[in-house]
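Only one structure is covered here, and it is reproduced in the block below.
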Amino acid sequence: MTTTAVTESGAALALDGVSRVYGGGAPALDGIDLVVPRGRLVAVMGRSGSGKSTLLRCAAGLERPTAGRVRIGGTDLASLKATALTRLRRDRIGFVFQSLNLVSALNVRENVTLPLLLAGAREGRALDALALAGLDAVGLADRAEDRPESLSGGQRQRVAIARALVNEPEVVFADEPTAALDPVTASGVLALLRRAVDEQGRTVVLVTHDPVAATWADEAVFLEHGRIAGRLDRPDEERVRAALGVRTETGRQPAVAR
Ligand SMILES: Nc1ncnc2c1ncn2[C@@H]1O[C@H](COP(=O)(O)OP(=O)(O)OP(=O)(O)O)[C@@H](O)[C@H]1O
Ligand SMILES: [Mg+2]
123 MTTTAVTESG AALALDGVSR VYGGGAPALD GIDLVVPRGR LVAVMGRSGS GKSTLLRCAA
183 GLERPTAGRV RIGGTDLASL KATALTRLRR DRIGFVFQSL NLVSALNVRE NVTLPLLLAG
243 AREGRALDAL ALAGLDAVGL ADRAEDRPES LSGGQRQRVA IARALVNEPE VVFADEPTAA
303 LDPVTASGVL ALLRRAVDEQ GRTVVLVTHD PVAATWADEA VFLEHGRIAG RLDRPDEERV
363 RAALGVRTET GRQPAVAR
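Below, the structure written as C-alpha cells:
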C-alpha cells in the first residue's frame with residue numbers, strides 16, 4: 123500500500139514480516155505486514171484457525187513471533203527483556219480478551235483500577251474517581267461496588283473495556299469481545315470502542331467473526347492460513363461478507379460463524 127511508508131513511523135502498531143510457528147505444523151502466522159496508524163479501529167477477520175488470536179498475542183507482546191518484528195509506538199518488542207515487555211504491556215496496551223477475565227475476588231471498581239495498581243498507583247480517592255469516570259463512560263457507575271459475578275456477560279465486557287482504557291493505552295487489543303453477546307448489547311460494546319477511538323484518539327485492533335461488527339472499523343483485514351488475504355477500507359457488511367466468501371443470497375448461516 124502506498125500509505126504504509128508514510129504512516130509507519132508514526133504508527134501505533136507495525137508488524138513487519140511477522141511469523142509464528144508452533145511445533146512442526148503449518149505456520150499460524152506467515153509473514154504478516156500490518157501498519158495501524160494512531161486513532162484507527164482495525165478489524166481482523168478470517169475463519170477459525172486462520173491466525174487472528176495468534177496475531178493479537180504477538181502484536182500485544184504476549185507471545186514472541188518466530189520471525190519478523192512488532193513495534194508499538196515505535197518500540198521494537200524484540201529489543202525488550204521480559205520485565206520491560208511486561209511493563210510495556212501494563213503501561214501502553216489495553217486488553218479485552220475473553221481469557222483475561224475479571225478478577226472475581228475484586229469488585230467492579232477494583233477490577234477497573236487493577237492495571238493502575240499493578241503499575242504502582244496508590245489506592246485512594248483519585249484512583250476511585252478515575253475508575254468511576256471509566257465506569258460512567260460504559261454506563262456502569264452504579265455497579266462499581268458489585269462483584270463481577272453479579273453482572274451479565276455484556277456488562278462484564280463493558281467493565282473489561284473500562285479496565286482496558288483506564289491506563290490510556292496506545293493500543294487496545296480486543297479478541298472477539300462481542301462473541302457471546304446479543305446484537306444490541308454487542309453494538310453497545312462496539313460503540314464504546316469506537317468512542318475511545320473518536321473521542322480519545324485510542325487505537326483499537328478488534329478480532330471479530332461478525333460482518334456487522336466489522337462495520338464499526340475503519341479498515342478490515344482478512345486472514346487466511348496466517349497470511350493477509352485482503353483488506354477493506356471503511357468496510358460495509360456486504361463487502362465484508364463477500365470478502366469472507368459468505369453467500370448471503372442463500373440465507374445460510376455465514377461460513378465463518380461457529
Ligand atoms: N499455543 C498453541 N500451540 C499450538 N498451536 C497453536 C497454538 N495457538 C494457536 N495454534 C494454532 O495456530 C493456528 C491459528 O490459531 P488462532 O488461535 O490464532 O486462530 P483464530 O483465527 O484465532 O481462530 P478462532 O476464530 O477459532 O479463534 C491454529 O491452527 C491453531 O491450532
Ligand atoms: Mg481466536
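The sequence shown maps to residues 123 to 380 in the numbering used here.
All residues carry an ideal CB built from backbone N, CA and C; glycine is no exception.
Values in this document were obtained by computation on a predicted structure and should not be read as measured data.
Annotated as distal: R142 and T325, with beta-carbon spacing of 8 Å or more.
In the three-state scheme derived from DSSP, where H, G and I count as helix and E and B as strand, E271 is classed as helix. In this structure, V343 keeps its C-beta atom at 8 Å or more from the C-beta atom of V218. Note: I154 is bridge-paired with V140 in the DSSP secondary-structure output.
Put simply, the region 325–336 touches the region 285–301. At least three CB pairs are less than 8 Å apart.
When only Cα atoms are considered, G173 and G310 end up about 26 Å apart. A straight-line Cα-Cα distance of about 7 Å links A241 and D213. Taking all protein chains shown into account, S175 has 16 or more neighbouring C-beta atoms within 10 Å of its C-beta and is therefore buried. In this structure, the straight-line span from the alpha carbon of L156 to that of L135 is close to 8 Å. Each residue's CA atom was taken as its position, placing T337 and D320 some 15 Å apart.
The region 250–268 and the region 179–187 do not touch, with fewer than three beta-carbon pairs separated by less than 8 Å.
Leaving aside the five residues that flank P237 on each side, the residues in its chain whose CB is nearer than 7 Å to its CB run, in chain order, R212, R285, V288, N289. Within the chosen limit of 7 Å, ligand 1 does not reach the beta carbon of A318 with any heavy atom.
Fully enclosed beta strand (DSSP E) runs of no fewer than 3 residues occupy 341–346, 349–355 of the region 333–374, in order along the chain. For T307, the enclosing alpha helix (DSSP H) stretches over residues 305–322.
Looking only at V192, G183, A150, the smallest Cα-Cα distance to A204 is reached by G183. A straight-line Cα-Cα distance of about 37 Å links D152 and V260. The beta-carbon distance between L345 and L177, rounded to whole angstroms, is 7 Å. This is short enough to meet the 8 Å contact definition. Here the alpha carbons of A335 and L262 stand approximately 22 Å from one another. Annotation for V230: R265, A266, D268, V281 place their beta carbon closer than 6 Å to its own, counting only its chain and skipping 5 residues before and after. Counting only runs of at least 4 residues, the region 203–281 fully encloses the following alpha helix (DSSP H) elements, listed from N- to C-terminal order: 204–214, 230–240, 247–259. A distance below 8 Å separates the beta carbons of A200 and R191.
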